[in-house]
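Peer 1: Residue numbers (the numbering used here): 12 to 286. For glycine and all other residues, C-beta sits at the position ideal for the given N, C-alpha and C.
1) Out of 123, 167 and 145, point me to the one whose CA is closest to residue 11's CA.
2) If you drop the 5 nearest sequence neighbours on each side, which residues of the same chain put their C-beta closer than 8 Å to that of residue 227?
3) For residue 196 versus residue 217, is the C-beta distance shorter than 7 Å?
4) With distances taken between CB atoms, is the gap from residue 99 to residue 144 smaller than 7 Å?
5) Just to confirm my understanding: we take residue 276, look at its own chain, exclude 5 residues before and 5 after, and list those with CB closer than 8 Å. What are they?
6) Whose C-alpha, out of 121, 221, 160 and 18, is nearest the C-alpha of residue 85?
7) When the Cα atoms are used, what is the spatial distance from residue 148 to residue 279?
8) Can you tell me the Cα-Cα spacing of residue 242 and residue 139, whole angstroms?
9) Starting from the C-beta of residue 273, find all residues in its chain whose C-beta is less than 6 Å away, skip the five residues before and the five after it, and write them out in chain order.
10) Counting C-beta neighbours from all protein chains within 10 Å, is the total for residue 52 16 or more, i.e. buried, or is it exposed?
11) So, for residue 259: in the same chain, excluding its five sequence neighbours on each side, which residues have a beta-carbon less than 8 Å away from its beta-carbon?
12) Of all the alpha helix (DSSP H) runs that stay within the bounds of the stretch 63-135, which reach a length of 4 or more residues?
13) Rounded to a whole number of angstroms, what is the C-alpha to C-alpha distance between residue 170 and residue 78?
14) Do residue 131 and residue 94 come within 7 Å of each other at the CB atom, strictly closer than that value?
15) Alpha carbon to alpha carbon, what distance is there between residue 76 and residue 285?
16) Please state whether DSSP places residue 242 in a helix, a strand or coil.
17) Report the three-state DSSP secondary structure of residue 194 (helix, strand or coil).
18) Could you check the C-alpha separation between residue 153 and residue 118 for me, to the nearest Å?
19) Can you tell me where the beta strand (DSSP E) holding residue 144 begins and where it ends?
20) Express the C-alpha separation of residue 235 and residue 113 in angstroms, rounding to a whole number.
21) Do you know offhand how far residue 50's Cα is from residue 151's?
22) So within the stretch 250-279, which uninterrupted beta strand (DSSP E) runs reach at least 3 residues, ignoring any that extend past its ends?
23) Residue 267 and residue 32 look like a contact to me (Cβ under 8 Å); what is the Cβ gap, rounded to whole Å?
24) What is the DSSP secondary structure of residue 174, reduced to helix, strand or coil?
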């Protein structure tokens, strides 16, 4: 199945955000708010002062008390795993150079805001839950790259400290160092297919857009002991909806705001109960 073009995806996201922000939702209970696990998608960033997938973005998420961060892993020319989303530097840095054409040394000198995966793991491992998204690209030495990922993640426990995410689930076959229960496929328009695959392969569950992951789908995965993640939640009403639907992971580009809403809910309920 062909992926959805980025332009259509952006318009779809804006439309759904506009709609669900205006649909009234009952607030969750204090306990539900406290248990909500918010994941900062590429950290807490604004695209101006703080860039996505950077140490400042991840620091901001941690400082806001967010439960986890989602980060994207790509490879340099000399096979150093770095945290960056796009295959090239055009969108964020205005140059067409592909990341795979640069060595780690060149990135450090030319694009120093791009962190290595090692730095991110050392700085946030066991403090934040790491949702590590592996990207579909050319892997020149898959055995070496797999073993390097294994070594970098060896200080963490799969499932409790990190999950491995992918849009292309064929990538999971190469990540043999990790149990399949920590694999989380990201569904696009192929959510039915990936949902079946997640169940038959005994993955962690499934993640996808909150409009596409239905209540029936959530319950189906719960029956198999699996979890669900939805994104990208941006409003109070949409957050309330996802919490009350018992979504396990709420992915967001404004995670600090959502975390504050959960904090206010819990604190407000506590205060009223003590009055």
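Peer 2: Looking at the coordinates:
1) Any answer about residue 11 is impossible in this case: the structure gives the chain only from 12 up to 286.
2) The residue given as residue 227 occupies position 216 in the chain shown. Nothing meets the Cβ criterion.
3) Counted from its first residue, the chain shown places residue 196 at position 185. Counted from its first residue, the chain shown places residue 217 at position 206. Yes.
4) By 1-based counting over the chain shown, the position of residue 99 is 88. By 1-based counting over the chain shown, the position of residue 144 is 133. Contact: no.
5) By 1-based counting over the chain shown, the position of residue 276 is 265. For residue 276, same chain residues with a beta-carbon under 8 Å away, outside a window of 5 residues either side, are 38, 39, 41 and 44 in chain order.
6) In the chain shown, counting from the first residue as 1, residue 85 sits at position 74. When only C-alpha atoms are compared, the closest one is 160.
7) Numbered from 1 along the chain shown, position 137 holds the residue referred to as residue 148. Numbered from 1 along the chain shown, position 268 holds the residue referred to as residue 279. Their backbone Cα atoms lie some 47 Å apart in a straight line.
8) The sequence position of residue 242 within the chain shown is 231, counting from 1. The sequence position of residue 139 within the chain shown is 128, counting from 1. Answer to the nearest angstrom: the Cα atoms are 18 Å apart.
9) Within the chain shown, residue 273 is the residue found at index 262, counting from 1. 44 and 47.
10) On the chain shown, residue 52 is found 41 positions in, with the first residue counted as 1. Burial of residue 52 is indicated by the presence of at least 16 other C-beta atoms within 10 angstroms of its C-beta.
11) In the chain shown, the residue the question calls residue 259 occupies position 248. Excluding residues within five positions, the ones whose Cβ falls inside 8 Å are 48, 216, 238, 239 and 240.
12) Given a length threshold of 4 residues, each whole run of the alpha helix (DSSP H) inside the stretch 63-135 is given here in chain order: 66-74, 101-104, 115-121 and 128-135.
13) Within the chain shown, numbered from 1, the residue matching residue 170 stands at position 159. Within the chain shown, numbered from 1, the residue matching residue 78 stands at position 67. Between residue 170 and residue 78, the C-alpha separation is close to 14 Å.
14) Residue 94 sits at position 83 when you count from the first residue of the chain shown. Residue 131 sits at position 120 when you count from the first residue of the chain shown. With contacts defined by Cβ atoms closer than 7 Å, residue 94 and residue 131 form a contacting pair.
15) As a first step, residue 285 must be located in the chain shown, where it is residue number 274. As a first step, residue 76 must be located in the chain shown, where it is residue number 65. Low confidence applies to residue 285: its pLDDT is 32, below 50, so where it sits in the model is not reliable enough to give any reading.
16) Here the question's residue 242 lines up with position 231 in the chain shown. Residue 242: strand per DSSP, three-state reduction.
17) What you label residue 194 is simply residue 183 of the chain shown in a count that begins at 1. Note: residue 194 maps to strand in three-state DSSP.
18) Within the chain shown, residue 153 is the residue found at index 142, counting from 1. Within the chain shown, residue 118 is the residue found at index 107, counting from 1. So the alpha carbons of these two residues sit roughly 22 Å apart.
19) What you label residue 144 is simply residue 133 of the chain shown in a count that begins at 1. Start and end: 140-145.
20) One-based indexing of the chain shown puts residue 113 at position 102. One-based indexing of the chain shown puts residue 235 at position 224. When rounded, the distance between both Cα atoms is 43 Å.
21) Along the chain shown, read from residue 1 onward, the residue named residue 50 stands at position 39. Along the chain shown, read from residue 1 onward, the residue named residue 151 stands at position 140. When the Cα atoms are used, residue 50 and residue 151 turn out to be separated by approximately 31 Å.
22) The qualifying runs are 260-263.
23) In the chain shown, counting from the first residue as 1, residue 267 sits at position 256. In the chain shown, counting from the first residue as 1, residue 32 sits at position 21. Cβ-Cβ separation between residue 267 and residue 32: approximately 17 Å, too far for a contact (criterion under 8 Å).
24) Sequence index remark: in the chain shown, residue 174 carries index 163 (1-based). Of the three classes helix, strand and coil, the one that applies to residue 174 here is strand, per DSSP.
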